[in-house]
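Numbering (the working numbering), first residue to last: 26 to 328. Think of the CB as a built atom: it goes at the ideal place given N, C-alpha and C, for glycine as much as any other residue. Notes for the one structure printed next.
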Amino acid sequence: MQLPLEMQRSYMGNNLNTKMVGAENDNHDRKELSIKKNMDNNRQNGELISAENNEGRNVNAEIDRQRKKYQPSRLESFFAITKSLIIRALIIYCISHLFRRLQINNSQFPGVINPAHSQAVNIFENGTLFDMHVYLSESEDFRQFDDPRTLVWLEQGLIYGDWYSGPFKDGSKIKNYKFVPSDQLKNNGSIYLHVYVAKSGKSPNPKVGKNNYAGDYMSYTRKMLNKFKKVRYQKKHNLLTGETTATKEEIEKAELMNQEYLSHWHPNLTINLVTDHTNWVYGQVASPLDTCEFLLNTFKFLY
């Protein structure tokens, strides 16, 4: 059947349009399919999806859920902090221990056995006989051994570790001594007590000879007996009676000054002898026993 020319053209044109529209629809479907495949691949790879292609989804909420998923729990956070603190403490301990060892090694005696790695014993064994020499002098550095007036107390034949001798049977002894202060002491001078403890028969005087001199095997200490304290002078009296508790001397000084430094001393003094047989290590003696002296070339010490 033959159609007129115009109708044929119109039919062909409609047919062509239909095919072109169909082709466009096919291309559109292919694009949507390609986009969906890409979206699925992005989900599998853990990548974020563009909000333009995900209508109706809350992307920020999904991001928050992912963050919360990978956040550590309280227990994991506690163990992490504890681990960090333990590691820091170990590092600090190792560094301090290293510096302590270096300090001990540097303090060793030159040319002798290092006492830092050895334990020292007391030179006075339990039951050792010893003598105590007590000198009174205004000199801080005592050298007047030849002056008999300076020796105020001498105890011979004492037993180290004796707790039952003496008048009270408790290992203690008492000495009463009176002296007249010199003019220098009255004018803000100082006075010292020098105590020497040596083995029986040995003397602290270096002039007695090598055989009788105690040498290094002797314990020594000194004590300043007086202290200087500030005294204030005030012009005060009772308003009702007009009397004052100040002495005549204080009243006279109050007219000249408002304060003055005067020398004071306590009427009694206790000398303690330490009885201890602990094997000490140089540089590791606890206070107040850290004043003990370690002897050169020996593993011995004395208080």
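- Query: Just curious, the beta strand (DSSP E) that glutamate 165 is in, first and last residue?
  - Reply: From DSSP, glutamate 165 is part of no beta strand (DSSP E); its letter is neither H nor E.
- Message: What does the alpha-carbon distance come out to for the pair arginine 113 and cysteine 119?
- Response: 10 angstroms
- Task: Throw me the rounded Cβ distance for the tyrosine 385 and lysine 227 pair, which I believe falls under 8 angstroms.
- Result: With the chain represented from 26 up to 328, any question about residue 385 goes unanswered, as that position is not in the structure.
- Sequence-distant residues of its chain with Cβ nearer than 7 angstroms to methionine 282 (five each side left out): Tyr258
- Query: By a C-beta neighbour count over all protein chains shown, 10 Å radius and 16 as the cutoff for buried, is asparagine 147 buried or exposed?
  - Reply: buried
- Euclidean distance between Cα positions of phenylalanine 193 and threonine 300: 19 angstroms
- Pull up the CB-CB distance for glutamine 144 and tryptophan 305, whole angstroms please, since I reckon it's below 8 angstroms. 7 angstroms
- Item | Within 8 angstroms, strictly: CB atoms of isoleucine 202 and valine 177 | Note that residue 202 is tyrosine in the sequence shown here, rather than isoleucine. Cβ atoms of tyrosine 202 and valine 177: closer than 8 angstroms.
- State yes or no: is the C-beta of valine 256 within less than 8 angstroms of the C-beta of valine 159? no
- Query: Ends of the beta strand (DSSP E) at alanine 145?
  - Reply: 144-147
- Task: List the whole-angstrom C-beta distance separating tyrosine 217 from lysine 248, where the pair is believed to meet the contact cut-off of C-beta under 8 angstroms.
- Result: 7 angstroms
- Query: Within 10 angstroms of its Cβ, does aspartate 156 collect 16 or more other Cβ (buried), or is it exposed?
  - Reply: buried
- Item | Residue from Glu87, Gly214, Lys200 with nearest C-alpha to glutamate 165 | Gly214
- Item | Between the CA atoms of phenylalanine 170 and lysine 232 - distance to the nearest angstrom | 9 angstroms
- Helix, strand or coil at valine 159 [DSSP, three-state]: strand
- Whole-number beta carbon distance between isoleucine 184 and glycine 152, since they are thought to touch under 8 angstroms: 6 angstroms
- Query: According to DSSP, which residues form a beta bridge with tryptophan 305?
  - Reply: Ala145
- What are the boundary residues of the alpha helix (DSSP H) that includes alanine 279? 273-281
- serine 225 versus tryptophan 290: straight-line alpha-carbon distance, rounded: 32 angstroms
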